[in-house]
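Number of protein chains: 2
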Amino acid sequence: MAEGKPEPFDRLVVVGLGLIGSSIARAARRYGLAREIVAVDGDAAVRARVQDLGIADHVTGDAAEGAAGGDLVVLCVPVGAIGPVALAMLPHLKPGAIVSDVGSVKASIVAAIRPHLPEGVALVPGHPVAGTEYSGPDAGFSTLFSGRWCILTPPEGTEEAAIERVRALWEGMGAIVETMSPEHHDLVLAITSHVPHLIAYNIVGTAADLETVTQSEVIKFSAGGFRDFTRIASSDPTMWRDIFLNNRDAVLEMLGRFNEDLAALAKAVRWGDGEALHAMFTRTRAIRRSIVALGQETAAPDFGRPRTAEDGTGPAAKP
Amino acid sequence: MAEGKPEPFDRLVVVGLGLIGSSIARAARRYGLAREIVAVDGDAAVRARVQDLGIADHVTGDAAEGAAGGDLVVLCVPVGAIGPVALAMLPHLKPGAIVSDVGSVKASIVAAIRPHLPEGVALVPGHPVAGTEYSGPDAGFSTLFSGRWCILTPPEGTEEAAIERVRALWEGMGAIVETMSPEHHDLVLAITSHVPHLIAYNIVGTAADLETVTQSEVIKFSAGGFRDFTRIASSDPTMWRDIFLNNRDAVLEMLGRFNEDLAALAKAVRWGDGEALHAMFTRTRAIRRSIVALGQETAAPDFGRPRTAEDGTGPAAKP
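Chains as they are written, first to last, in my numbering: chain A, 1 to 319; chain B, 320 to 638.
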């Protein structure tokens with residue numbers, strides 16, 4: 001844990017000013033975590049928007065220019081681009097610089113970058129488990145990481161000092177930091193994030209292809225559960241393509257287990273085994289309670305739209 | 320469409336004072352849709368709570384007493400109990416009375432009740448597509464149905480006047496009413512609600528059984544997508560057991576299609592077919608936009624907790 005206010009970075013370089021990158025730029029400035037913030041983005045429209053928003057001190061589309069003099073470079077591009085973008089910037093980094101990222105997959109990123117690290121440059125990959133279903137520099141905000149976990153996956157042998165500086169940045173932005181190996185990270189995220197996204201994308205696709213039920217009916221009557229899946233399934237397609245391409249083994253492993261369990265559940269439905277169904281549906285409630293208790297979710301009922309305050313009769317929030 | 324204010328029911332009987340039943344009682348009183356509201360519930364604790372809340376004029380645990388003199392009886396008990404409870408009440412209904420319900424399955428309910436209808440009593444089954452993951456008389460509130468769809472599935476030959484009176488009740492509570500056959504209803508809900516719940520329950524169960532990832536890790540890092548599934552998977556177990564037992568064929572049909580699509584998606588992951596993945600993930604975004612456009616969901620980003628208003632920098636709500 002960092003004590004007191006951490007020493008700010010002299011030059012924080014944020015590469016890719018989407019939801020996460022622009023949130024880091026905003027939070028770093030707001031909480032005084034960097035003396036200078038450099039924004040690097042390959043998209044001219046994004047650069048222009050970042051200029052207008054005024055969330056960085058310097059904006060460039062040139063990787064070498066962006067890398068020069070940076071003491072922390074955080075790569076916030078889709079997982080598939082992190083390796084190539086890192087390789088373009090590494091030769092321009094000064095000794096003592098730290099390279100980090102925010103990708104949702106970690107082992108493949110370590111494998112892509114580590115062999116090419118210049119002498120004296122440290123690699124401390126990170127993954128803030130935070131976000132919304134929106135993308136782009138307008139979607140970010142400075143409190144996105146507040147109370148959220150950020151997982152750091154430094155490869156073995158990384159200098160403690162580098163890890164501590166990256167930890168201090170995330171804690172300064174309000175995150176709770178945990179470290180684990182890249183491989184374990186990828187397993188954990190496969191079940192808590194990647195497979196849930198895959199099955200959400202999948203059921204929305206299944207619904208779109210029906211002949212017996214019209215698309216308009218699916219949309220109208222979506223409040224019964226389907227709606228929540230469409231929110232997840234509206235996340236950025238490029239980001240998610242890259243995640244699945246880069247975490248194949250863990251995703252297929254978890255998906256295999258999901259399919260086995262679903263086959264058992266389908267059998268209970270087919271044979272009318274009410275006892276098995278009830279037991280299964282009861283068991284899952286406890287996990288929900290733990291998530292609410294841990295502050296990762298509110299207990300407020302979700303209606304898919306803001307509550308009207310006009311109704312004084314209910315509901316009481318229950319655990 | 321009803322024009323102007325509908326004639327209130329003389330005696331509205333709500334059977335089962337859970338989330339939906341207690342919301343109907345609250346809304347009927349608030350919007351002046353019934354002169355007298357009778358609450359029937361087999362659970363003494365619920366009856367006591369309904370008395371305390373003061374949301375009904377008369378509270379009883381006796382089906383015959385509850386049915387006597389009612390001109391509309393709405394059964395708000397779990398799907399598996401609707402048939403038996405209806406059969407207990409039917410002999411005590413007066414000619415001209417209407418029996419309705421709010422079950423999430425319709426064909427099996429029509430089959431259970433219709434053969435036993437006394438002369439002059441009409442059956443107009445209904446299903447408000449609204450709710451939260453909470454249960455019980457405290458969870459209800461009078462605006463639950465506002466702007467939500469309610470599907471009526473009157474069997475062929477039902478008198479128009481009875482259908483119109485039930486329609487007027489729902490419209491009076493703010494719902495948008497649509498009618499369809501019980502069989503078609505069950506297909507539509509299988510894909511928009513029943514299968515989504517089944518796979519949400521399933522993945523939460525899969526996550527609970529892992530040895531390689533601890534339950535505490537699943538809970539901590541649930542913000543990446545899993546959290547939304549746990550909300551759905553915390554709905555009432557008895558209600559959902561009954562739904563699956565009573566809509567078996569439609570659920571298994573939709574689940575079969577879901578599984579075929581998931582196999583194709585898994586194959587794309589295994590073979591690294593990025594183009595197929597990207598195309599699939601792009602396609603599902605359009606459906607989300609339609610749901611938001613139809614007012615069944617807000618476009619506001621979902622963080623799993625209320626936004627802090629303190630941050631002026633973002634985000635702009637985008638479609």
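For glycine and all other residues, C-beta sits at the position ideal for the given N, C-alpha and C.
C-alpha distance - residue i paired with residue j, whole-angstrom precision
i        : j        : result
B/Leu517 : B/Glu483 : 34 Å
B/Val334 : A/Ala268 : 29 Å
B/Ser553 : A/Ala264 : 20 Å
B/Pro634 : A/Asp138 : Annotation note: pLDDT 32 at B/Pro634 (below 50); position unreliable, coordinate value reported separately. Cα-Cα distance, rounded: 6 Å.
B/Met499 : B/Thr472 : 5 Å
A/Phe9   : A/Val166 : 10 Å
B/Pro325 : B/Gly351 : 9 Å
A/Phe303 : A/Arg227 : Here the model assigns A/Phe303 a pLDDT of 40, short of 50, so the residue's position is not dependable, and the following value carries that caveat. Taking the straight line joining both Cα atoms gives about 10 Å.
A/Leu394 : A/Asp41  : Coverage of chain A is limited to positions 1 through 319, which leaves residue 394 of chain A absent and any answer about it impossible.
B/Gly415 : B/Ala441 : 7 Å
A/Asp273 : B/Tyr520 : 16 Å
A/Ser222 : B/Ser465 : 15 Å
A/Asp261 : A/Gly157 : 40 Å
B/Pro410 : A/Ala286 : 42 Å
A/Pro319 : A/Val292 : Summary for A/Pro319: the model assigns pLDDT 30, below 50, so the residue's position carries little reliability, and this model does not support an answer.
A/Thr60  : A/Ala68  : 12 Å
B/Val365 : B/Ile470 : 27 Å
A/Glu217 : B/Val507 : 7 Å
B/Ser419 : B/Phe563 : 21 Å
A/Leu93  : A/Glu178 : 27 Å
A/Asn247 : A/Ser108 : 8 Å
B/Ala481 : B/Pro397 : 24 Å
B/Ile417 : B/Ala363 : 26 Å
A/Leu117 : B/Trp590 : 30 Å
A/Thr282 : B/Phe548 : 14 Å
B/Glu502 : B/Arg467 : 21 Å
B/Asp505 : B/Val514 : 11 Å
Presumed contact (8 Å Cβ cut-off) between residue i and residue j, rounded CB distance
i        : j        : result
B/Ile343 : B/Val393 : 6 Å
A/Val110 : A/Gly70  : About 20 Å separates the two Cβ atoms, so there is no contact after all.
A/Val66  : A/Met89  : In the sequence on display, residue 66 of chain A carries Gly and not Val. With 8 Å as the limit, A/Gly66 and A/Met89 qualify as a contact, their Cβ atoms being about 7 Å apart.
B/Ser512 : B/Leu338 : Between B/Leu338 and B/Ser512 the Cβ distance is about 15 Å, and since that is not below 8 Å, they are no contact.
B/Ser609 : A/Ile82  : Between A/Ile82 and B/Ser609 the Cβ distance is about 33 Å, and since that is not below 8 Å, they are no contact.
A/Leu12  : A/Ala28  : 6 Å
A/Arg114 : B/Arg607 : Contact doesn't hold; Cβ gap of about 38 Å is too wide.
B/Met599 : A/Gly205 : 6 Å
B/Phe577 : A/Ile191 : Wrong, their Cβ atoms sit about 19 Å apart, outside the cutoff.
A/Val129 : B/Gly543 : 5 Å
A/Asp236 : A/Gly80  : Incorrect: roughly 12 Å between the Cβ atoms, too far for contact.
B/Glu355 : B/Asp376 : 5 Å
A/Val102 : A/Cys76  : 5 Å
DSSP beta-bridge partners of residue i
i        : result
B/Pro447 : B/Cys469
B/Phe563 : Beta-bridge pairing links B/Phe563 to no other residue.
B/Asp420 : B/Leu394
A/Glu178 : A/Ile151
A/His58  : A/Val38
B/Leu331 : B/Ile356, B/Leu391
A/Leu123 : A/Val99
Where residue i meets chain A, residues with beta-carbon distance less than 7 Å
i        : result
B/Ser500 : The premise fails here: B/Ser500 is roughly 12 Å from chain A at the closest Cβ pair, so nothing lies under 7 Å.
B/Phe577 : Asn202, Ile203, Thr206
B/Gly318 : Here chain B covers residues 320 to 638 and nothing more, so residue 318 of chain B does not appear.
B/Thr472 : Here the premise fails: no neighbours, minimum Cβ distance about 13 Å.
B/Arg560 : Gly274, Leu277, His278, Phe281
Within chain B, the residues that residue i reaches when beta carbons sit closer than 7 Å
i        : result
A/Val251 : Val588
A/Phe244 : Val588, Leu596
A/Trp149 : Lys539, Phe540
Heavy atom of the ligand FMN within 8 Å of residue i beta-carbon
i        : result
B/Glu490 : This structure lacks the ligand FMN; in fact it carries no ligand of any kind.
Within chain A, partners of residue i - CB distance below 8 Å
i        : result
B/Glu536 : Val188, Thr192
B/Leu613 : Ile219, Lys220
B/Phe545 : Ile191, Thr192, Ser193, Pro196
B/Gly591 : Leu245, Arg248
B/Arg486 : Within 8 Å Cβ-Cβ: nothing; B/Arg486 doesn't reach chain A, min ~17 Å.
Residues that residue i contacts on chain B, provided the C-beta gap is smaller than 9 Å
i        : result
A/Asp261 : Asn521, Ile522, Gly524, Thr525, Asp528
Proximal residues of chain B, C-beta to C-beta of residue i below 8 Å
i        : result
A/Val170 : Strictly speaking, residue 170 of chain A in this sequence is Trp, with Val absent from that position. The premise fails here: A/Trp170 is roughly 15 Å from chain B at the closest Cβ pair, so nothing lies under 8 Å.
A/Met324 : The requested residue 324 of chain A does not occur in the structure, where chain A is confined to residues 1 to 319.
A/Gly126 : By Cβ distance, chain B contributes nothing, its closest Cβ being about 13 Å from A/Gly126, past 8 Å.
Amino acids of chain A, ordered along the chain, whose beta-carbon sits closer than 9 Å to that of residue i
i        : result
B/Ala431 : The contacting residues do not exist; B/Ala431 stays about 15 Å from chain A at best.
State whether the segment 484 to 496 of chain B contacts the segment 454 to 471 of chain B, with contact taken as three or more CB pairs (one from each stretch) at a distance under 8 Å. yes
Is the segment 234 to 253 of chain A in contact with the segment 205 to 212 of chain A, if contact means three or more CB pairs nearer than 8 Å? By the C-beta criterion, the segment 234 to 253 of chain A is judged not to be in contact with the segment 205 to 212 of chain A, since fewer than 3 inter-stretch pairs fall below 8 Å.
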